[in-house]
Amino acid sequence: MAAISLSGVHKNYGAVPVLKGIDLEIADGEFVVLVGPSGCGKSTLLRLIAGLEEIGGGLIRIDGRLVNDIAPKDRDLAMVFQSYALYPHMTVRANMSFALKQRRLAPGLIDRAVEEAAAKLGLSELLDRKPRALSGGQRQRVAMGRAIVRQPKAFLFDEPLSNLDARLREQMRYEIRKLHGELGATSVYVTHDQIEAMTMADRIVALKDGVIQQIGAPAELYDDPANLFVAGFIGSPAMNFLDAELTADGVMAGGLMLARRPGPLGGKVTVGLRPERMAIVAADSGLPARVDLVEPTGLAQLVHLDLAGQRVKLFTTDRRALTPGDLVGLAIRPDDVLLFDPAGGKRLSGW
Amino acid sequence: MMLRVLRILALAAFLLFALFPLFWLLKVSVTPTDLLYGEGVRLWPSRMTLDHYVSVLRHTQFPLFFRNSLIVSAATAILSTVAASAAGYAFSRFRFRGKAWVAGLLLVSQMFPLVIIVAPIFRLLAPLGLTNSLIGLIVVYTAVNVPFAAFLMQSFFEAIPKDLEEAAMMDGATRFQALRQVILPLTLPGLAATGGFVFSAAWSELLFALMLNSSASVSTFPSGLLGFISKFSVDFGQMMAAAFLALLPVCAFFFLIQRHLVQGLTAGAVKG
Numbered sequence: 001m002a003a004i005s006l007s008g009v010h011k012n013y014g015a016v017p018v019l020k021g022i023d024l025e026i027a028d029g030e031f032v033v034l035v036g037p038s039g040c041g042k043s044t045l046l047r048l049i050a051g052l053e054e055i056g057g058g059l060i061r062i063d064g065r066l067v068n069d070i071a072p073k074d075r076d077l078a079m080v081f082q083s084y085a086l087y088p089h090m091t092v093r094a095n096m097s098f099a100l101k102q103r104r105l106a107p108g109l110i111d112r113a114v115e116e117a118a119a120k121l122g123l124s125e126l127l128d129r130k131p132r133a134l135s136g137g138q139r140q141r142v143a144m145g146r147a148i149v150r151q152p153k154a155f156l157f158d159e160p161l162s163n164l165d166a167r168l169r170e171q172m173r174y175e176i177r178k179l180h181g182e183l184g185a186t187s188v189y190v191t192h193d194q195i196e197a198m199t200m201a202d203r204i205v206a207l208k209d210g211v212i213q214q215i216g217a218p219a220e221l222y223d224d225p226a227n228l229f230v231a232g233f234i235g236s237p238a239m240n241f242l243d244a245e246l247t248a249d250g251v252m253a254g255g256l257m258l259a260r261r262p263g264p265l266g267g268k269v270t271v272g273l274r275p276e277r278m279a280i281v282a283a284d285s286g287l288p289a290r291v292d293l294v295e296p297t298g299l300a301q302l303v304h305l306d307l308a309g310q311r312v313k314l315f316t317t318d319r320r321a322l323t324p325g326d327l328v329g330l331a332i333r334p335d336d337v338l339l340f341d342p343a344g345g346k347r348l349s350g351w
Numbered sequence: 001m002m003l004r005v006l007r008i009l010a011l012a013a014f015l016l017f018a019l020f021p022l023f024w025l026l027k028v029s030v031t032p033t034d035l036l037y038g039e040g041v042r043l044w045p046s047r048m049t050l051d052h053y054v055s056v057l058r059h060t061q062f063p064l065f066f067r068n069s070l071i072v073s074a075a076t077a078i079l080s081t082v083a084a085s086a087a088g089y090a091f092s093r094f095r096f097r098g099k100a101w102v103a104g105l106l107l108v109s110q111m112f113p114l115v116i117i118v119a120p121i122f123r124l125l126a127p128l129g130l131t132n133s134l135i136g137l138i139v140v141y142t143a144v145n146v147p148f149a150a151f152l153m154q155s156f157f158e159a160i161p162k163d164l165e166e167a168a169m170m171d172g173a174t175r176f177q178a179l180r181q182v183i184l185p186l187t188l189p190g191l192a193a194t195g196g197f198v199f200s201a202a203w204s205e206l207l208f209a210l211m212l213n214s215s216a217s218v219s220t221f222p223s224g225l226l227g228f229i230s231k232f233s234v235d236f237g238q239m240m241a242a243a244f245l246a247l248l249p250v251c252a253f254f255f256l257i258q259r260h261l262v263q264g265l266t267a268g269a270v271k272g
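Chains Y and V, in that order, give the protein sequences.
Under this note's numbering, the first residue of the first sequence is numbered 1, with each subsequent residue one higher.
Under this note's numbering, the first residue of the second sequence is numbered 1, with each subsequent residue one higher.
Set out below in structure tokens:
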């Protein structure tokens with residue numbers, strides 16, 4: 001097991017910069033998730049750590065050792081690919097023992113390691129099958145087995161669950177997390193799915209356009225987003241953003257007082273409101289809003305509202321009957337109002 | 001249903017068209033010389049004989065030509081496939097300076113009729129002692145076949161996900177080990193297709209075989225076949241018997257690799 005340290009990591013594809021100075025310290029045994037929209041550089045960053053891409057600038061250290069010029073095979077990292085990348089002409093057993101054979105381990109040791117890992121993942125019955133005779137979930141498991149059998153310094157996951165259906169994804173999420181608990185291995189996990197990031201990470205690294213937007217525990221990114229991007233990316237349904245103005249009395253949007261909290265006069269702001277932090281109340285007590293559409297999800301309902309000409313989504317387990325056109329009241333707690341600078345998107349602190 | 005019948009009819013017509021010359025070859029090769037002109041045009045002679053085969057094997061140099069052809073074609077197939085695999089792999093996996101130029105030149109080399117370069121090649125090979133030599137033929141055939149074979153191999157490599165060798169490299173293999181242990185086994189259909197293609201091209205090549213090698217001891221069978229045409233007559237029976245024998249190795253070869261070939265060609269076709 002090992003710590004991974006990145007400082008000032010750069011990477012260009014031709015003239016296009018994909019990573020612009022990444023600084024990141026991953027502690028020994030930590031589960032770090034790199035999350036961001038496609039094209040944000042998260043996979044490239046993972047491949048740089050793996051050694052599969054040449055670094056453009058900066059330093060990468062694994063366990064204190066500079067690995068910039070070390071070949072992937074000598075970095076002692078295991079990687080789980082999105083496509084699983086199982087060797088199609090080899091049995092599950094051969095797939096899982098491939099790495100150990102490269103190291104010329106004694107056959108007895110290899111067999112024992114493979115069987116142990118297979119038992120842990122419920123693959124014991126499948127050891128003599130070829131990958132094509134396996135289901136998607138089983139293949140995923142073999143890819144995991146191939147990684148854990150090696151006991152590497154760290155695990156790298158490149159969107160390992162995106163080819164699975166929703167139920168299987170949920171189950172594997174749980175299993176990977178359990179496995180991490182048992183093995184305590186340093187893990188770097190890339191995903192575009194913020195739910196995966198929230199549920200699995202010790203710490204999340206939110207990336208956009210090759211720049212780290214925020215690093216922190218899942219709750220930190222959720223409660224305390226550093227900018228509009230993180231606020232909008234983390235959380236589902238996504239955060240509402242409203243155009244508003246800061247006045248001496250509080251935050252005004254379309255002539256309505258959203259939050260009566262004195263603050264510095266600052267002109268135009270963007271207000272962030274989590275859909276699940278608001279409530280529907282009687283029309284004469286909260287802010288007047290009109291129901292636009294209701295989407296029931298079973299557990300709760302997602303209510304689309306028109307608030308002084310701006311659209312607001314509200315997510316509530318209060319399943320009262322609502323029909324489009326109804327006039328309702330919207331209750332917002334001043335503490336739940338986040339303010340952002342509309343130019344640049346930075347969070348306005350002091351609020 | 002109607003479409004099915006039509007399709008079968010069309011295929012049958014095509015097969016008839018394609019295979020009829022081969023049938024004629026066989027028919028003439030077993031027709032006794034006296035009946036060849038005596039019976040008029042018939043689908044099958046009234047009498048059959050294997051005399052032509054016997055005399056081809058006993059009294060002509062055909063076995064020697066056959067051996068030469070086998071050496072030249074097999075060596076060309078192996079060398080071309082090895083070189084084309086290396087080139088195809090590089091084209092498919094590496095970015096390097098001048099890649100587009102190299103690919104472009106390979107393509108351009110395919111644009112000229114070979115007749116144009118016969119004389120220069122003769123001039124090149126003569127001082128090296130490579131005319132009238134099997135090695136000379138092997139060198140020329142390999143050079144002629146590698147460009148197309150390289151593109152063919154490239155498309156096979158492209159069809160294999162890069163993830164696989166990256167996974168192998170993460171698993172502790174060097175790039176070469178990854179190539180040998182993971183990529184090559186998966187490219188076997190491609191190798192078979194490329195090897196078969198080059199083998200049959202070399203096997204039936206006439207132009208260079210005729211121009212570069214004049215001595216009978218180093219003739220391949222296509223130029224050897226011309227020996228059955230003398231100034232005053234053509235020995236059709238023996239010629240056809242020899243030609244029929246020459247078909248056998250190619251048929252045997254393709255029979256062996258056909259399963260891989262179909263797989264390989266379609267796999268390549270999708271990507272290529």
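Yeah, the Cβ is synthetic: ideal placement off N, Cα and C, and Gly gets one too.
Just so you know, these numbers come straight off a predicted model, no measurement behind them.
Positions along the region 74 to 95 of chain Y whose CB lies within less than 7 Å of some CB in chain V: Leu77, Ala78, Met79, Phe81, Ser83, Ala85, Tyr87, Pro88 and His89
Any idea which residues DSSP pairs Y/Lys208 with across the strands? Along the first sequence, one-based indexing puts residue 208 of chain Y at 208. DSSP, once it has assigned bridges, lists Y/Val211 as partnering Y/Lys208.
Measure the alpha-carbon distance for Y/Ala219 versus Y/Asn227 and round it to whole angstroms. For the purposes of this step, residue 219 of chain Y is taken as the residue at position 219 of the first sequence. For the purposes of this step, residue 227 of chain Y is taken as the residue at position 227 of the first sequence. Approximately 15 Å between the Cα atoms of the pair.
Provide the residue span of the alpha helix (DSSP H) that contains V/Arg175, from first to last. Stepping through the second sequence from its first residue, residue 175 of chain V is reached at position 175. Going by DSSP, V/Arg175 is part of the alpha helix (DSSP H) stretching over Arg175 to Ala178.
CB contact check: Y/Arg132 to chain V, cutoff 9 Å: If you number the first sequence from 1, residue 132 of chain Y lands on position 132. Output row for Y/Arg132: interface = no.
For V/Leu15 and V/Ile8, what's the separation of their Cα atoms in angstroms? Translated into positions along the second sequence, residue 15 of chain V becomes position 15. Translated into positions along the second sequence, residue 8 of chain V becomes position 8. Computed Cα separation, rounded: 10 Å.
Proximity winner among Y/Ala166, Y/Gly254, Y/Pro324 and Y/Ala2, relative to Y/Arg75 (alpha-carbon distances): Here residue 75 of chain Y refers to the residue found at position 75 when the first sequence is read from its first residue. When each option's Cα is compared against that of Y/Arg75, the closest is Y/Ala2.
Counting only beta-carbon separations shorter than 9 Å, does V/Pro127 have a partner in chain Y? Against the second sequence, residue 127 of chain V aligns to sequence position 127. Answer no: the Cβ-Cβ gap between V/Pro127 and chain Y never drops below 9 Å.
Give the residues from the region 161 to 175 of chain V that approach chain Y closer than 8 Å (Cβ to any Cβ), ordered along the chain. Pro161, Asp163, Leu164, Glu166, Ala167, Ala168, Met169, Met170, Asp171, Gly172, Ala173 and Thr174
Where does V/Ala10 land, buried or exposed, given buried means 16+ other C-beta within 10 angstroms? To locate residue 10 of chain V, count along the second sequence from 1; it is residue 10. Exposed, by the Cβ-count rule.
Check whether the region 203 to 220 of chain V touches the region 98 to 108 of chain Y, taking contact to mean three or more Cβ pairs, one atom from each stretch, closer than 8 Å. no
Whole angstroms are fine: how far does the CA of V/His260 sit from the CA of V/Gly268? Within the second sequence, numbered from 1, the residue matching residue 268 of chain V stands at position 268. Within the second sequence, numbered from 1, the residue matching residue 260 of chain V stands at position 260. Residue placement at V/Gly268 is flagged as unreliable, the pLDDT there being 42, under the threshold of 50; the coordinate-derived value follows with that caveat. So the alpha carbons of these two residues sit roughly 12 Å apart.
Give the range of the beta strand (DSSP E) segment to which Y/Lys11 is assigned. Working through the first sequence from its first residue, we reach residue 11 of chain Y at position 11. Counting along the chain, the beta strand (DSSP E) containing Y/Lys11 begins and ends at Ile4 to Tyr13.
Bridge partners of Y/Glu295, per DSSP? Within the first sequence, numbered from 1, the residue matching residue 295 of chain Y stands at position 295. Looking at the DSSP assignment, Y/Glu295 forms a beta bridge with Y/Leu302.
List the DSSP bridge partners of Y/Asp243. Within the first sequence, numbered from 1, the residue matching residue 243 of chain Y stands at position 243. Y/Asp243 is bridged to Y/Thr270.
Does the beta-carbon distance from V/Phe156 to V/Thr194 come in below 9 Å? Residue mapping note: residue 156 of chain V aligns to position 156 of the second sequence, counting from 1. Residue mapping note: residue 194 of chain V aligns to position 194 of the second sequence, counting from 1. Yes, Cβ-Cβ distance for V/Phe156 and V/Thr194 is below 9 Å.
Is there a Cβ of chain V sitting closer than 9 Å to that of Y/Arg65, yes or no? As a first step, residue 65 of chain Y must be located in the first sequence, where it is residue number 65. No - not a single Cβ of chain V is within 9 Å of the one on Y/Arg65.
Run through DSSP, which three-state label would V/Gln61 get? Numbered from its first residue, the second sequence carries residue 61 of chain V at position 61. Coil, per DSSP.
Would you call the region 187 to 194 of chain Y and the region 155 to 170 of chain Y touching, i.e. three or more CB-CB distances under 8 Å? yes
Determine, using beta carbons only, whether Y/Arg103 comes closer than 9 Å to chain V. Locating residue 103 of chain Y in the first sequence gives position 103, where the first residue counts as 1. It does; some Cβ of chain V falls within 9 Å.
Mind checking which residues open and close the alpha helix (DSSP H) that includes V/Ile121? Indexing the second sequence from 1 puts residue 121 of chain V at position 121. Segment Val115 to Leu125, the alpha helix (DSSP H) holding V/Ile121.
Could you tell me whether the Cβ atoms of Y/Leu302 and Y/Leu330 are closer together than 9 Å? To locate residue 302 of chain Y, count along the first sequence from 1; it is residue 302. To locate residue 330 of chain Y, count along the first sequence from 1; it is residue 330. Not closer than 9 Å, so no.
Mapping the DSSP letters down to three states, classify Y/Glu196 as helix, strand or coil. In the first sequence, counting from the first residue as 1, residue 196 of chain Y sits at position 196. Of the three classes helix, strand and coil, the one that applies to Y/Glu196 here is helix, per DSSP.
Residues of chain Y with a CB under 7 Å from the CB of V/Val182: which are they? Taking the second sequence and counting its residues from 1, the one referred to as residue 182 of chain V is at position 182. At a beta-carbon threshold of 7 Å, the residues of chain Y lying near V/Val182 are Tyr87, ordered along the chain.
Out of curiosity, what's the CA-to-CA distance linking V/Pro147 and V/Ala201? Position 147 of the second sequence, counted from the first residue, corresponds to residue 147 of chain V. Position 201 of the second sequence, counted from the first residue, corresponds to residue 201 of chain V. Looking at the two C-alpha atoms, the distance is approximately 13 Å.
Nearest-angstrom Cα separation, counted from Y/Thr270 out to Y/Asp243: Along the first sequence, read from residue 1 onward, the residue named residue 243 of chain Y stands at position 243. Along the first sequence, read from residue 1 onward, the residue named residue 270 of chain Y stands at position 270. For Y/Asp243 and Y/Thr270, the distance between alpha carbons rounds to 5 Å.
State the DSSP-derived secondary structure class of Y/Val190, mapped to helix, strand or coil. Stepping through the first sequence from its first residue, residue 190 of chain Y is reached at position 190. Of the three classes helix, strand and coil, the one that applies to Y/Val190 here is strand, per DSSP.
Am I right that Y/His379 and Y/Gly56 are in contact with their C-beta atoms under 8 Å? What's the rounded C-beta distance? Residue 379 of chain Y lies beyond the stretch modelled for chain Y, which goes from 1 to 351, so this question has no answer here.
How about V/Leu186: is its C-beta nearer than 9 Å to some C-beta of chain Y? For this step, residue 186 of chain V is matched to residue 186 along the second sequence. V/Leu186 counts as touching chain Y.
How about Y/Val337 and Y/Leu273: do their beta carbons lie closer than 9 Å? Looking up residue 337 of chain Y in the first sequence gives position 337. Looking up residue 273 of chain Y in the first sequence gives position 273. Yes; because the gap between Cβ atoms is below 9 Å, this pair is in contact.
Do Y/Arg311 and Y/Asp292 count as a contact pair if the criterion is CB distance below 9 Å? Counting from 1 along the first sequence, the entry for residue 292 of chain Y is found at position 292. Counting from 1 along the first sequence, the entry for residue 311 of chain Y is found at position 311. It is a contact, given that the beta carbons lie within the stated cut-off.
Under 8 Å between beta-carbons, which chain V residues line up against Y/Leu52? List them in chain order, please. As a working mapping, residue 52 of chain Y is identified with position 52 in the first sequence. Within chain V, the residues near Y/Leu52 are Glu166, Met169 and Met170.
Selection from Y/Met252, Y/Leu46 and Y/His304 that minimises the alpha carbon distance to Y/Pro334: Locating residue 334 of chain Y in the first sequence gives position 334, counting from the first residue. Comparing Cα positions, the closest option is Y/Met252.
CB contact below 9 Å: V/Gly268 versus chain Y: As a position in the second sequence, residue 268 of chain V is number 268, starting the count at 1. Note that V/Gly268 has pLDDT 42, beneath the 50 cutoff, so the model's placement of it is unreliable and the number below is only indicative. No, no contact with chain Y.
Which residues in chain V have a C-beta closer than 8 Å to the C-beta of Y/Pro72? List them in chain order. Taking the first sequence and counting its residues from 1, one reaches residue 72 of chain Y at position 72. Near Y/Pro72 (Cβ distances below 8 Å), the residues of chain V are Glu166, Met169 and Met170.
Look up Y/Leu59 in the DSSP assignment and give the residues it is bridged to. Locating residue 59 of chain Y in the first sequence gives position 59, where the first residue counts as 1. Per DSSP, Y/Ser7.
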